[in-house]
Amino acid sequence: MDNIRNFSIIAHIDHGKSTLADRIMDVTGAVSQREKKEQMLDQMDIERERGITIKAQTVRLNFKSKNGRDYILNLIDTPGHVDFSYEVSRSLKACEGVLLLVDASQGIEAQTLANMHLATEQKLAVIPVINKIDLPNADPEMVRGQIEDVLCIDSSEAVLTSAKSGKGVVDVLEAVVERIPPPKGDKDAPLKALVLDSWYDTYRGVVVLARIFDGTMTPMMKVLFVGTGAEHQVLQMGVFTPSGREVQSAGPGEVVFFTASIKTIEDTKIGDTVTGKDNPTKEPLPGFKEARPMVFCGLYPIEGDNYDALREALAKLHLNDSSFKYEPETSSALGFGFRCGFLGLLHMEIIQERLEREFNLNLITTSPTVSYRVVMRGGEVRLIDNPNDLPEQYDFVEEPIIRATIITPDEYLGAIYSLIEEKRGVQEKTEYISPTRVMLVAKLPLNEVVLDFFDKLKSATKGYASVDYEEAGYERADLVKLDILVNEEPVDALGFIVHKEKSYVFGRDIVSKMRELIPRQMFDVAIQAAIGSKIIARETVKALRKNVTAKCYGGDITRKRKLLEKQKEGKKRMKQIGRVEIPQTAFLAVLKK
Amino acid sequence: MGDGVMDGKGSSIDKPGAAVYLHVPFCASKCYYCDFASYEGQNRLMEPYTNAILSEIASAHAAKGATSVYMGGGTPSMLPADKIAKIMSAVKERFAPAPSAEITIEANPDSTSRADLERYLQIGFNRLSIGVQSFEDSMLEKLGRAHDSKKATAAFEAARKAGFKNVSIDLIYGIPGQSVGDYARDLEAAVLLGPEHISAYQLTVEEETPLWDMVEDGRVVLPDDETMLTMFETTISKLRSAGYGHYEVSNFAKPGMECRHNLAYWLGEEFIGLGSGAHSFVGSSRYANPDDIEDYIYAIDTAGEAGVEILADEKDKVLDFLLMRLRLVDKKLFFKELNDRFFTPATRIKYVGEEGLRFSEGFKSVYSKALEDIAEKKLAIIDDDGFSLTHNGMLFLDDVLLDFEKI
């Protein structure tokens, strides 16, 4: 056990975490040149393409230190994006230490801070690593200063690397061996293992990834999942090196995957404790907090007959990522679909993209919303995550608030202040972390953030600002329900909860967008934005005057057929609201905003 | 076709002859809006092309007694008169048009001399269709036409002097920059000349034409919908009051002077297309010759024929018929005709629709949803034995067809 080190790399997005992981695998000989692809640990296509890590992966490596001893290093990769702090903290539970990776040219960014807080909360050993030192604009000394001042860590022990070229990577591993404590645990005690992840494999059923704290696990052993009460018999066990390799036993400190003919993912809740059925542990692990979805939307198949396929796809994805929630929902405009909850906007986009890509589905996503607390006159509190569920009568509504930490070059401070104001935010703190970089803390309503805050921040700062956020409770706000009506009929997919002050501009914007996108029909189409019975914006799509092909060339019917075929295809993608046909592009444009 | 026996491309002897179309793909210059199978700068191919079409005529299977012959293009008048004569004599030999048959040649105002016109009459043409398009030079320029308005009038007068008693004029409306007033003057000018037949087409912007590009990048702006509708309505009212019947969406004729040849297309009668890009409808099948001149010549030289069947299932065939037939204005379509064509016991159709196989009980029940929909939208009036489109039904003919598309 003394030769095991369990660690993660934590970093702001793009600071080179996956590249460092690749290099570590090179150095430890885990991957032959032939197998090598960029970002080995990022298995999903979408991860490689977006250059981000979504699902945490674990890999077991062999390392011979210059002190002459052989070590087993379990590298637990973590996602870098703000939406996935849940997965980060899950990964950290399995570690005794972390590499805190900082880009030598960019310095500390918002997620560096956020991840650092997660690591110190769990009292993990932190090794600062300054990466990309051979970039022309690298400034390791500036970064050292930030590490001291902002993170309050002794920076003299920071390791300098260039993961890209491989420089300093061995130093990183030596630091892991020296400075991260070995796991503790008793191999003779009852089995106590933590479920880190689980996913569904078509051939083997549910595969569980677990970190063993006490005891020993062997194939054929009967295990109990303490939280769910499910009992199973372990079949195969193995480690990722990074490809799967079977093992016959695993003891404290080890991270193993196992199968046990488990059919339902519900049996294997992440954070649950696995123990021996015959000799259960008396002290199960505390487990994780259940991830709470922050952002909600409706997902609908573009072709209605894909509903079953969507349901199956969601169930399968859910096996892999239990942090999103879904339940059936019906919309008169969009048909049968699902109301889904996600950890954040990126999470939503990724699930949507995986559904489309891995399951070949075409989807419409309704406008993302957040969960509101509606306080009724009697004092009863209702949580609603669908604008259409807002009751007609209530006392007041509270909206979720977040506290955002933004790190930015100071030249954009003015732009960020006005963006925060525009987004109904309140600035709490502004602090220089280096002569030209500022850390700014502000409270913002989550619904504004969900709408387009990140996009706007990006364009206001040319992409130089980084942001991370945490929940900061609920606050009362003057919110209204805004409906869009097409020829007097409300379109349920286009219901929004917006701040009263913004409702007019919001409504007018949508209505004029819709006008551009709804094709002219045989009659006038009125598009209205309404709050209750009050119409606040209106546009009309004038009736089409005629639709007849002027000329049929000789006896050639093929042109005409093609033309009709085209029109027919267009109609297929239309949704009918009353007599009005609305193309899906109109929904998409409005819903994407 | 009527009661004729449908027995594939080689049809029986006792039924009446078909309409014969001859395509001449050559043009002096291509108009901006044209995406038809016509080519400029290909005159070197006139000789081999003529030989190919002669050979196609010789081997064509068709009944004698053709009801009409139509030589269109391109610009038929580009072809030297002796070549036209050769083609027509082959046509006469092979198809033996009835004495009353309508025999049309298309001509452009800039390539038509009095001498040519007299020659055409000698060859046997008895109807002339002149591509005037507009009487206003600025409009003609916008279309990329080679002629000016004086030539158009001169060509018409020359035709009359040469002795053509049946002349048709083509007009185009909805030209970029054209006002309703501009177009009304075109209509008046046409009426003043007094042709037997007027075709007035709304300018259609086809993809991959210079006009498409001009519209796309904003160099020209088409009149808006409202103006287009007014132009269309103006066409109808002006020509009607001048004694021209509105018999097809874009076609008008003095009583009895409707284009016999085009009626064959619209009524769903058989026609035989010869030459590059020409289409045929024989039996219940459609065939298309290659658009490219050299491909066509090659096919004829090597295989002796150039037609490729356009595959269509029974549902397509019904729609193909409707999309032509419903273009005829105020002409009731009887269910009996539809049933005779498509729903006889012999042709009882299995429809593969959304509900799977469906055996037909006749047009009215198979298409009941479409009929209901168009009636509800007031696009058609339906009674026990048939239906006819309303004025709105004509204006929204493409919507009507889409309703028939989803049975």
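If you read the sequences in order, they're chains A and B. For what it's worth, this note's numbering labels the leading residue of the first sequence as 1, then goes sequentially. For what it's worth, this note's numbering labels the leading residue of the second sequence as 1001, then goes sequentially. Cβ atoms here follow ideal geometry from the backbone N, Cα and C, with glycine treated the same way. If you're wondering where the values come from, they're calculated on a predicted model, not measured in any experiment.
- Message: So A/ASN74 and A/ASN6 are supposed to be a Cβ contact under 8 Å. How far apart are they, rounded?
- Response: 5 Å
- Would you say B/PHE1052 and B/PHE1095 are within 8 Å of each other, going by their C-beta atoms? The residue you asked about is not Phe; residue 1052 of chain B is Ala in the sequence shown. Cβ distance not < 8 Å, so B/ALA1052 and B/PHE1095 don't count as in contact.
- Query: Candidates B/SER1077, B/ASP1295, B/ARG1341 and B/TYR1173: which alpha carbon is nearest B/GLY1277's?
  - Reply: For the options B/SER1077, B/ASP1295, B/ARG1341 and B/TYR1173, the alpha carbon positioned closest to that of B/GLY1277 is the one of B/ASP1295.
- Query: Out of curiosity, what's the CA-to-CA distance linking B/SER1412 and B/SER1179?
  - Reply: With chain B covering 1001 to 1407 only, the question about residue 1412 of chain B has no answer from this structure.
- What residue does the beta strand (DSSP E) around B/GLU1136 start on, and which one ends it? Premise fails: B/GLU1136 is in no beta strand (DSSP E) and is neither H nor E.
- Compare the Cα-Cα distances from B/VAL1408 to each of B/TYR1247, B/HIS1391, B/PHE1335 and B/LEU1389 and report the closest residue. No statement about residue 1408 of chain B is possible, as the shown extent of chain B runs from 1001 to 1407 and does not include it.
- Item | Nearest to B/GLY1174 (by Cα), restricted to the options B/GLU1207, B/SER1134, B/ALA1155 and B/GLU1208 | B/SER1134
- Task: Compare the C-beta of A/LEU564 against all C-beta atoms of chain B and say whether one is closer than 8 Å.
- Result: A Cβ of chain B is located within less than 8 Å of the beta carbon of A/LEU564.
- Query: Where does B/ALA1288 sit, in a helix, a strand or coil, going by DSSP?
  - Reply: strand
- Query: Nearest chain B C-beta to A/ASP308 closer than 8 Å, yes or no?
  - Reply: Judged by the 8 Å Cβ criterion, A/ASP308 is not in contact with chain B.
- Please classify A/VAL449: is it buried, with 16 or more other beta-carbons within 10 angstroms of its beta-carbon, or exposed? Buried, since its Cβ has 16 or more Cβ neighbours within 10 Å.
- Inspect the beta-carbon positions of A/LEU345 and A/VAL295 and report whether they are closer than 8 Å. yes
- Whether A/PRO293 touches A/PHE324 by CB criterion (8 Å): Using a Cβ distance threshold of 8 Å, A/PRO293 and A/PHE324 count as a contacting pair.
- Item | Listed by chain order, chain A residues near B/THR1234 by CB distance under 7 Å | Per Cβ cutoff of 7 Å: no residues; B/THR1234 is ~13 Å from chain A at best.
- Sufficient close CB pairs (3 or more, under 8 Å) joining the stretch 393-402 of chain A to the stretch 326-336 of chain A: Here the stretch 393-402 of chain A makes no contact with the stretch 326-336 of chain A; the two share fewer than three CB pairs at distances below 8 Å.
- Message: Just to confirm the assignment, what range does the beta strand (DSSP E) spanning A/PRO328 have?
- Response: 325-331
- Query: Looking at the structure shown, is B/VAL1220 part of a helix, part of a strand, or coil, going by DSSP?
  - Reply: coil
- Using beta-carbon positions only, say whether A/THR161 and A/VAL129 come within less than 8 Å of one another. yes
- Message: So for B/ARG1119, helix, strand or coil by DSSP?
- Response: helix
- Message: Using a Cβ-Cβ cutoff of 7 Å, what residues of the stretch 1383-1401 of chain B are near chain E? List them in chain order.
- Response: The structure shown contains no chain E; its protein chains are A and B.
- Task: Give me the Cα-Cα distance between A/ASP468 and A/ASN388, rounded to the nearest whole angstrom.
- Result: A/ASP468 and A/ASN388: Cα-Cα distance of roughly 30 Å.
- Message: Does any residue of chain A have a CB that is nearer than 8 Å to the CB of B/PHE1342?
- Response: no
- If you draw a straight line from the alpha carbon of A/GLN33 to that of A/ASP171, how long is it in whole angstroms? Low per-residue confidence applies at A/GLN33: pLDDT is 49, beneath 50, and the placement is therefore not dependable enough to give any value.
- Roughly how many angstroms separate the alpha carbons of A/ASN360 and A/ARG354, rounded to a whole number? 9 Å
- Query: Quick one: any contact between the stretch 453-465 of chain A and the stretch 397-411 of chain A, if contact means 3 or more CB pairs under 8 Å?
  - Reply: Contact between the stretch 453-465 of chain A and the stretch 397-411 of chain A is present, with at least three C-beta pairs closer than 8 Å.
- Message: Here's a check: name, in chain order, each residue in its chain whose Cβ is nearer than 6 Å to the Cβ of B/VAL1308, leaving out the five neighbours to either side.
- Response: ALA1288
- Item | Where A/ALA56 falls: helix, strand or coil (DSSP) | Low confidence applies here, because A/ALA56 scores a pLDDT of 47, under 50, leaving its location unreliable; read the following figure in that light. A/ALA56 falls in the coil class under three-state DSSP.
- Task: Would you check if the distance between the CB atom of A/LEU390 and the CB atom of A/ILE420 is smaller than 8 Å?
- Result: no
- Over what stretch of residues does the beta strand (DSSP E) that includes A/TYR372 continue unbroken? Looking at the DSSP string, the run of the beta strand (DSSP E) that includes A/TYR372 is 372-375.
- Query: Does DSSP classify B/LEU1171 as helix, strand or coil?
  - Reply: strand
- Item | Extent of the continuous beta strand (DSSP E) run through B/GLU1309 | Residues 1308-1310.
- Message: Can you tell me whether A/THR202 is helix, strand or coil according to DSSP?
- Response: coil
- Query: Taking 8 Å as the CB-CB limit, is B/ALA1018 close to chain A?
  - Reply: no
- Task: Would you please verify whether the beta carbon of B/ARG1286 is less than 8 Å from any beta carbon of chain A?
- Result: yes
- Message: Given this structure, state the Cα-to-Cα distance separating B/LEU1371 from B/PHE1404, to the nearest angstrom.
- Response: 8 Å
- Message: Taking CB distances under 8 Å as the criterion, tell me whether B/ILE1310 reaches chain A.
- Response: yes
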